[in-house]
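I have placed the structure first, in the form of structure tokens, so that the comments after it can refer back to it.
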Amino acid sequence: MEEASEAIMTKHRLLTVEETKEILYYRNGVYIPGGEILIEKEAERTYGYKVANHHLTEIKGHVMRSTYHTRE
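Straight run, no breaks: the sequence shown in my numbering ends on number 1392.
Next comes the structure, spelled out in structure tokens:
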């Protein structure tokens, strides 16, 4: 799942708000909500049935831990 996490983070700019654990993604110059859905769609599109729900949880967890930022 590390490969999947890294591939998604390479393709999309993601940020996790430390205070809320909300995953945001970058689009048109701003970070917007919906990062978790984007990760799920991208994993499904790329890996299909090979990705079980527990794999998605691992992927999202890795993305969150790798992209934490505090609100400024």
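Using N, Cα and C, we set each Cβ at its ideal position, and we do this for glycine too.
9 Å Cβ cutoff met for residue 1334 and residue 1377: no
Opening and closing residue of the beta strand (DSSP E) in which residue 1371 lies: Residue 1371 -> no beta strand (DSSP E), and no H or E assigned at all.
Exposed unless 16 or more other CB atoms sit within 10 angstroms - verdict on residue 1356: buried
Sequence-distant residues of the same chain with beta carbon closer than 6 Å to residue 1382, five excluded per side: 1325
Residue 1339 and residue 1391 closer than 9 Å at C-beta: yes
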